[in-house]
Structure formats: C-alpha cells, structure tokens
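Everything on this sheet refers to the single structure shown next.
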Amino acid sequence: MGQLTNLYVAVLLSLCWGQWSEPDAERPSCDRCDLRLSCDCSRGGFTRVPAVTGRALTLDLSFNNITAVTNVDLMGHVELRALNLHGNRLAVIHPSAFDSLWSLEELDLSDNQLTALNHDWFGELGALLQLNLLDNPYSCVGSAPVFLGLVRLRRLAFGGPALVEIKRGALSGVMELEELTVHANNLERYESGALAYVWPLGRVSLSLHGPFLRDVALASAVVGDVSYPETAVTLEDLHLIGNESVQPFRAAARRRVRNMAFRNLSVSDEATVNMLMISDGIPFTTFTFDGVTLTGEGRWERASWTDQRSIDEFFIRNAVVLDVFKFVSFLQLGFLLQYPRKLSVINAKVFVVPCATTGLLLNLQYLDLSDNLLTDLTLAETLCHGSGTLKDLRVLNISGNALKSLSTLRRLVAKLYKLTHLDISRNRYSSMPDSCSWPSTLRHLNISGAKLTTITPCLPTTLEVLDLSSNDLKGFTVALPVLRELHLSGNKFLRLPAGSLFPNLQTLSAQSNTLNMFGHSDLQSYRRLQSLQAGRNKFVCSCGFVAFLRSSIEGDGVVRLTDGEESYICDSPLYLQGEPVGRVRLSVVVCHRVLFVSVSCGVALLVGILVSVLLWRLHALWYLRMTWAWLRAKHSSRRRRQLRDVAGSEALLSFDAFVSYSEKDAGWVETFLVPELEEPRETDEDYVNHRTTRPLTLCLHKRDFLPGHWILDNIMSAMERSRRTVFVLSENFVQSDWCRYELDFSHFWLFDGDAGEEPAILILLEPLSKDDIPNRFCKLRKLMSSTTYLEWPQEEEGKPEFWKRLRHALTREDDD
Ligand SMILES: *[C@@H]1O[C@H](CO)[C@@H](O)[C@H](O)[C@H]1NC(C)=O
Ligand SMILES: *[C@@H]1O[C@H](CO)[C@@H](O)[C@H](O)[C@H]1NC(C)=O
Ligand SMILES: *[C@@H]1O[C@H](CO)[C@@H](O)[C@H](O)[C@H]1NC(C)=O
Ligand SMILES: *[C@@H]1O[C@H](CO)[C@@H](O)[C@H](O)[C@H]1NC(C)=O
Ligand SMILES: *[C@@H]1O[C@H](CO)[C@@H](O)[C@H](O)[C@H]1NC(C)=O
Numbered sequence: 001m002g003q004l005t006n007l008y009v010a011v012l013l014s015l016c017w018g019q020w021s022e023p024d025a026e027r028p029s030c031d032r033c034d035l036r037l038s039c040d041c042s043r044g045g046f047t048r049v050p051a052v053t054g055r056a057l058t059l060d061l062s063f064n065n066i067t068a069v070t071n072v073d074l075m076g077h078v079e080l081r082a083l084n085l086h087g088n089r090l091a092v093i094h095p096s097a098f099d100s101l102w103s104l105e106e107l108d109l110s111d112n113q114l115t116a117l118n119h120d121w122f123g124e125l126g127a128l129l130q131l132n133l134l135d136n137p138y139s140c141v142g143s144a145p146v147f148l149g150l151v152r153l154r155r156l157a158f159g160g161p162a163l164v165e166i167k168r169g170a171l172s173g174v175m176e177l178e179e180l181t182v183h184a185n186n187l188e189r190y191e192s193g194a195l196a197y198v199w200p201l202g203r204v205s206l207s208l209h210g211p212f213l214r215d216v217a218l219a220s221a222v223v224g225d226v227s228y229p230e231t232a233v234t235l236e237d238l239h240l241i242g243n244e245s246v247q248p249f250r251a252a253a254r255r256r257v258r259n260m261a262f263r264n265l266s267v268s269d270e271a272t273v274n275m276l277m278i279s280d281g282i283p284f285t286t287f288t289f290d291g292v293t294l295t296g297e298g299r300w301e302r303a304s305w306t307d308q309r310s311i312d313e314f315f316i317r318n319a320v321v322l323d324v325f326k327f328v329s330f331l332q333l334g335f336l337l338q339y340p341r342k343l344s345v346i347n348a349k350v351f352v353v354p355c356a357t358t359g360l361l362l363n364l365q366y367l368d369l370s371d372n373l374l375t376d377l378t379l380a381e382t383l384c385h386g387s388g389t390l391k392d393l394r395v396l397n398i399s400g401n402a403l404k405s406l407s408t409l410r411r412l413v414a415k416l417y418k419l420t421h422l423d424i425s426r427n428r429y430s431s432m433p434d435s436c437s438w439p440s441t442l443r444h445l446n447i448s449g450a451k452l453t454t455i456t457p458c459l460p461t462t463l464e465v466l467d468l469s470s471n472d473l474k475g476f477t478v479a480l481p482v483l484r485e486l487h488l489s490g491n492k493f494l495r496l497p498a499g500s501l502f503p504n505l506q507t508l509s510a511q512s513n514t515l516n517m518f519g520h521s522d523l524q525s526y527r528r529l530q531s532l533q534a535g536r537n538k539f540v541c542s543c544g545f546v547a548f549l550r551s552s553i554e555g556d557g558v559v560r561l562t563d564g565e566e567s568y569i570c571d572s573p574l575y576l577q578g579e580p581v582g583r584v585r586l587s588v589v590v591c592h593r594v595l596f597v598s599v600s601c602g603v604a605l606l607v608g609i610l611v612s613v614l615l616w617r618l619h620a621l622w623y624l625r626m627t628w629a630w631l632r633a634k635h636s637s638r639r640r641r642q643l644r645d646v647a648g649s650e651a652l653l654s655f656d657a658f659v660s661y662s663e664k665d666a667g668w669v670e671t672f673l674v675p676e677l678e679e680p681r682e683t684d685e686d687y688v689n690h691r692t693t694r695p696l697t698l699c700l701h702k703r704d705f706l707p708g709h710w711i712l713d714n715i716m717s718a719m720e721r722s723r724r725t726v727f728v729l730s731e732n733f734v735q736s737d738w739c740r741y742e743l744d745f746s747h748f749w750l751f752d753g754d755a756g757e758e759p760a761i762l763i764l765l766e767p768l769s770k771d772d773i774p775n776r777f778c779k780l781r782k783l784m785s786s787t788t789y790l791e792w793p794q795e796e797e798g799k800p801e802f803w804k805r806l807r808h809a810l811t812r813e814d815d816d
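The following block contains the structure:
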C-alpha cells in the first residue's frame, strides 16, 4: 500500500513537473518593445505566448502559430491595455488565462480556432472596451451569456463562416455599443430579439449574405432588431437580385433608419428599383455604397414616382458597372438626383458626367469625383464649360484624375461663386499660368502630388489653406496674406520660404525636402507660426542646428515641432549619420572651435612663458650649456691626454699657472699678480736663503689664448697646459660666466685628472664668505670649503707674506 502511495505521488509529481516546469523552461521571449512599451511580437513564429516585460502596455501577437493560452502565460500583466492574438491557431484558452489583465481595454481573438466561447475568459475584464471574436469556428452564440461582466464594452465583433445560430441571451449584459459587427453569412437560426435592446447603438455592420438570399424572414428579423433612427446600418456581402431579396430592407425602413450603407454589394436593376420603392417617403438621408457592382443597365426610371426628398448624400466608392456599354445615362434620374447636397463617386472609372446630368444636381454643394478618369476635355463637359451650372457648389474634389491644364480649370470654376474648397491633387499639372482669376470665395486649394516646378501669382490670394506637397518646387515667392496652413512636404526646398510672405501662417509642413538646417532666424520671420513639421530632411547636424532643435523639442520655442523628434535624423557629418538629432551631443571642441583654439593657444603661450620664466629663474640654460660644455670638454680632454701620453707629460706643460679671473679684476692681475710672479724682485729673504726666485710663467686669457679657437677649448687647453690654476675670486668673478666655466673645468680636471694634489689655488680678492656664492655654484662652494685659499690682504704689510705663500703654493712640486 505504502509503495503504491509513493508511486502515485511520484507520478503526480512528474505530471505536475511535465505540465508546469518544462514548458516554462523552453518558453520563448520577445523583446520587441518600443519606448512607449508597445510590444510588436507579430509574425515571430511563436507557437506559444512568449515572455514579455510585465510593464508592457500593448502586446501584438498576431500572425503567429500560438495554439493555447495557459493560465500563467499572461500572469502579472496588470498594465496591459491591448492584446492582439489575431491570426493564430488558438484552440484552447485557459478559463483564467486573462484573469490578471485588469487594465485590458482591447482584446482581439479573431481568426483563430476557438470552437466555443467561454464566459469565464472575460470574468475579470471589467475595463474592456473593445472585443473582437470574428472568424472562429464556433457555431453558436448565446447558449450562455458570454459578455455578462463587460460593463464598459463599446465595440463588439463576433461571428464567422461557422456561425449558424444566435440565441436570445447572446448580448445579455451589453448595455450600449458604439459599434457592433456580426458576420453571419451562413446563419440559419436566429431567436427573435437576440440582438435587440442594445441602445444607444452607434454603428452596426451585418454580413448576412445567406439569409438575404435564402431566408428573408430571418434576415428581416436580424436587420429589424438593430435598426434605430440614430444608428448607421451597414449591410455587407449582399447579392441582391430580385424583388424578394430586398424585402429585409423593409424592416430597416420601418424602423426609420436614416443612414444606410452597403459594402461589397452586387445589385440588379430590379433590386434597385424595389429598394427605391421601399424607401419611398422614408426619411433616409445618407446612402453609402462601398464596393458596389451594378449588374443591370441602369433602368431605374420605374421608380420615378417615389418620393426621395429626404436624401442628402450619396457616397459611392469602388463602383463597377458590369456592362458599361449597355448602361443608360442617368438622365431619367432627376427624381433621385435633384435632392442630395453631397455626391461622391470615387474610384468608379467615371470619365465624364454629361452636362445634362450635371444640370439635374440642383442642390449640390459637395462634389467628389476623385480617382476617376476625367481629362481636361471631359471635365469641361462635366462642369458645363464653365457656365456656372452647379451654382451652389462649395467643395469640388477632382483629385486623382488625368487633368493637365490649370488655365482650363480656372476657366471652368470661375463662375462657381460659392466655391471654397478645390482639391485638384494627384493630377498632372506641370506649369502654372502667370495670372489667374478664381472665385473670390476660394479658401482651400490642394495641388499636391502634381509636377509643378515653379509657382506664380496665379495662386489666389484669398487662400487660407494651401497644399503643394509632393511637387518639384524649389522656392516660394508669392505673398499670401491670409494663409493659415501651408504644406510643402515632398518638394526640393533647400531652405524654408521667407516668412514675411505669410503674415498669418500658423502651420507649416516641409517634411522630406532637402533642407539642411533651419534655425531661430528662419522662424522669426513667421510672425504667427505655431506648429512646424520639418522632419525627414537631410540635416547637417551643426552645433547651432542641434542646439536649436533640442530646445524646440523641449518646447522652449514658440513654434512646436508636431511631427515627433524621431523624424529629425542627421544626414551629415558622416559619424552622426542616422542619429536622431535630439539625441546628438556635440562636444565643446566641435561647437566652439575658434574659441577653443584661441583659448588653448593662449593657455599654451602662458604655460610657455611660465616655463621660460621658471627656467630662467632656475638658470636651466646655464645648466644646459654647462653640461654640454662639460661633455665636450671631457671628450677633447681625453683626446689631448692620449696625445700627451704619447708625447710625454712635461713637454706639454708650458705654464706654471693658468690665471682665471674676471675681466673686471684685470687691473689687479696686471698690476700686481703678473709683475710679482713673472718678474720677481730679489728680496732680502731670498738673499739670506741663497736662492733666487724663479720667474713663473702665467697663462692669461687676454694674452695667451689662441685667437680664432673656441673659447672653451682655449680654456681647457690652457688649464691642461698649466700646472696649476689660480682663481681670482671676487664678486666680479662670481658674476662672470666664463670664470665659472674655468672653475668648473678645473674642478673636473681636479677630480678627473692626474694633476696631483691641489692644482687649484684660490685667491680671495675681497672678503667673500661661502654664503655669498649662489647655490648653483656648488663646486665653487665645495672647493672653498675643501681647499685653503689665500686672502689678498688689505694692509700693505701682509702683502709680502701673501706673495710668498702664493709663490710657494705654485712652486711646491718643484721643491719636492
Ligand atoms: C505556422 O505553422 C505552419 C505549419 O505548421 C507553417 O506553415 C507556418 O509557416 C507557420 N506560420 C508562422 C507564422 O510561423
Ligand atoms: C463580397 O461578397 C461575396 C458574396 O456576395 C463574397 O463571396 C466575397 O468574399 C465578398 N468579398 C469581400 C472582399 O468581402
Ligand atoms: C415585390 O414583392 C412585394 C411583396 O413580396 C410586393 O408587394 C411588391 O408588389 C413586389 N414588387 C414588385 C415590383 O414586384
Ligand atoms: C478629395 O479626395 C481625396 C481622395 O479621395 C481625399 O484624400 C481628400 O481629402 C478629398 N478632399 C476634400 C477637400 O474632401
Ligand atoms: C491634399 O490631397 C492629398 C491627396 O489627395 C491629401 O492626402 C491631403 O490630405 C490633402 N491636403 C489637405 C490639406 O487636405
């Protein structure tokens, strides 16, 4: 028993494992979410709901291969506003799959494999506004109330090819709707009142192809249930042939529907006539036919006795006449055409409306013949050669035809004295006459999508709105004093036109031109401009432009950029290409180059000066010169020593002493030192000691330096050729550079060389303490402390002793 229990638990566990953990391990994820947290995971090949961020606001999973939504797939998506599962293979939705979607407003489950609707799915969707359940294989709606909790529901769509039954409870719980769409082309059973009692009901769209053909009573019941005077009723996919098939229409007429539309309709002459009869005296105001195929010959005059005076608008689009050549003219339809104020016949291959037919449109104020085959010639016929037939016409739309001549057009509309809107866009106008006269009422003119290369004063000055987009314009020179809106997108403007031409302009669009940049100065000339659209141009992201655009995006300027910052993309410089201007950050170096260069030059100069001053203070030059001289001296000394080694030492020693002194002490040297040492007098002492005083040979730079030789070489060789060096120290000596060199070389000689002990003799001409000598003459300082020096006595009686000691110092070696 225990074993069995264990087995049971194990099986259960593995089952749970298999069901919950394993799928999660392989759950795909989708990170195609934009900044507005809108996640587009459509066409991603997903076979199950992918994981997306829990903060997503909209999630598009359409056109995948998702087969099921489990209870964990959408867990935690409390922020989700819209979920689109259109075009999957959904067959299973867990009853609590949508339970956490408290904020969901739009849910699209259309085009899937749901075979039954479950009211549990929608139990927690109290915020739902829009629900689409079209084209699923469920066959019945209403066996249980599905939409009961959806108190805020405003747009509902259900049905599909499989729907055969609608039961009474179908819409219970639905209070009011803006839009109801029911696809029931194969409906077989309908419980009367199933779609009734939803009120107010804005628009209803019913596809009842089968019932209209086969079960007129059923179709009448459905149409009757949704028809209210304020509701726009659209019937789709109908094929109306005989008297019988139009009878459900009677149900709508009885409920006094005013706005009736047909989409994807094919209709015969007989059905048309019967429809006109049914609407006799009924207050229908608007008939819309979108996608209509006329299978007859236009023989509708049998209904000419009917009263159609309430009809205000005919809107016909995408109409096909199956047999154009048999189709009679509308000349008999005066009973129908004299009332409407608005007539649109769009994309119906109309190439002409005979002037006689135009004459029937007595009340016409709005004529839209866009996307047809009109030419200048046939337009002339249509507008009765400019005789002003449509005297009340306010709006004329002949967009998308094959018109070429503006002067013809101007002639044709000149007498339409109430014309305010003229849309001649998407025609083949390529030039403009130099001047034109237009109805003085004209306010809106649309000449977009033509091939204009220049504009002329032909443009009426009364215009408030002018659309010249998608032409080949490069400039704008015409002043339009009352213009409020100007559209220039898709041209070849290099710069914005001068604002002084449009003192009242409020809106300007200039997208997709060749603008490189624009700025404050360009916009300042527009006195009233409020909104500007200038994206998708080839922007040169200079500093000025980037700064200007950033401030505009942040709303600092008077003018708002209404086309979104993402449409402003840099085209150059190359390294910024493709970058949104709003996100570009340019450095100071790029933006203030002149300033930057001058500042950095200034700084460099300052630093240079500081360094020079510092170097000068530290006598760097002197040190440098010293080092170099020292190196050179060392080199030549080595050479000389080798020479000397060959020749023998004594041969080269031609002086007893080299006297190093400052020029300023020359007086002392010449008057005292030289006579005393070179021409000695016999003294008493000498006599006593029986020895004669030998004259010494001195080397003085003034006398013994070889002219034309480098001075340092001269000093060097003088020192080397002398047995000793006598330094005459004084303030002057310390001041003189050359003396210092001499001292240094002697010093170097002193420690480097083999000149015996104390080759340097210092004579202190005036009392000079070690501290008086600048720090950098460290050698001299060192020498002064290591070598004994002779002081030149100030008193006369010390002098003989001084000379004696000097002479002794100079001749010591001789004595040895
Ligand atoms: C869905 O699956 C079918 C067959 O399994 C395949 O042909 C189709 O390409 C898939 N669709 C997508 C969007 O991955
Ligand atoms: C138009 O209606 C016909 C039935 O009358 C239907 O077969 C066809 O698919 C419909 N076309 C469109 C585009 O809905
Ligand atoms: C069309 O049928 C209705 C009733 O089904 C009948 O009253 C009417 O006279 C018929 N109209 C024509 C033109 O046959
Ligand atoms: C004229 O028709 C075109 C195309 O149908 C449309 O885009 C345009 O808005 C219409 N113009 C006016 C003034 O209604
Ligand atoms: C001018 O016509 C084009 C094309 O028909 C249309 O897209 C555009 O909206 C119209 N411009 C205005 C200002 O209505």
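Residue 360 in the UniProt record's numbering sits at position 360 of the sequence shown; the count goes up by one each step and never skips.
In this text, a Cβ means the ideal position worked out from N, Cα and C, and glycines have one as well.
What you are looking at is a predicted structure, and each value in this text was computed from that prediction instead of being measured.
Presumed contact (8 angstroms Cβ cut-off) between residue i and residue j, rounded CB distance
i: V588; j: F596; result: 6 angstroms
i: L373; j: A402; result: 6 angstroms
i: residue 824; j: N71; result: Residue 824 is absent from the structure shown; the chain starts at 1 and stops at 816.
i: I553; j: G578; result: Going by Cβ atoms, the distance from I553 to G578 rounds to 18 angstroms, so no, they are not a contact pair.
i: L765; j: W668; result: 6 angstroms
i: L57; j: L80; result: 7 angstroms
i: S29; j: F63; result: That belief does not hold up - the Cβ atoms of S29 and F63 are roughly 18 angstroms apart, past 8 angstroms.
i: F330; j: T288; result: In fact, because the Cβ distance is near 18 angstroms, the residues do not count as touching under 8 angstroms.
Beta bridge counterpart(s) of residue i as assigned by DSSP
i: G159; result: H183
i: V546; result: Per DSSP, none; premise fails for V546.
i: R560; result: S531
i: Y366; result: K342, V395
i: Q130; result: E106, R155
Same chain, Cβ closer than 6 angstroms to residue i, five either side skipped, listed in chain order
i: D280; result: T306, D307
i: G298; result: F327, V328
i: T272; result: W300
i: H183; result: L134, G159, G160, S207
i: P23; result: A caution first: P23 carries a pLDDT of 48, below 50, which makes its placement in the model unreliable, though a value can still be read off. Excluding sequence neighbours, P23 sits near nothing in its chain.
Proximity test, residue i beta-carbon vs ligand 4 heavy atom, cut-off 7 angstroms
i: V395; result: yes
i: G400; result: yes
i: D371; result: yes
i: H487; result: no
i: D376; result: no
Cutoff 8 angstroms; reference residue i; Cβ partners in own chain excluding five residues on either side
i: F655; result: T697, L698, C699, D704, A718, R721, S722, R723
i: R805; result: L790
i: I431; result: Note that residue 431 is Ser in the sequence shown here, rather than Ile. L406, L452, T453, T454, listed in sequence order.
i: R638; result: none
i: V216; result: E244, S245, Q247, P248
Any non-hydrogen atom of ligand 2 closer than 7 angstroms to residue i Cβ
i: S266; result: yes
i: D571; result: no
i: H119; result: no
i: H209; result: yes
7 angstroms Cβ shell around residue i - same chain, five flanking residues per side excluded
i: N732; result: S662, K664, D665
i: H94; result: V69, T70, N71
i: P680; result: T693, P695
Ligand 5 heavy atom lying under 7 angstroms from the CB of residue i
i: D563; result: no
i: V246; result: no
i: S448; result: yes
Are three or more beta carbon pairs between the stretch 597-609 and the stretch 563-583 nearer than 8 angstroms? no
Spell out a yes or no on whether the stretch 164-172 and the stretch 112-119 are touching, meaning 3 or more CB-CB pairs, one atom from each, closer than 8 angstroms. no
Say whether the stretch 225-236 touches the stretch 245-256, bearing in mind that this needs 3 or more beta-carbon pairs closer than 8 angstroms, one atom from each stretch. yes
At least 3 beta-carbon pairs within less than 8 angstroms: the stretch 338-345 vs the stretch 373-382: no
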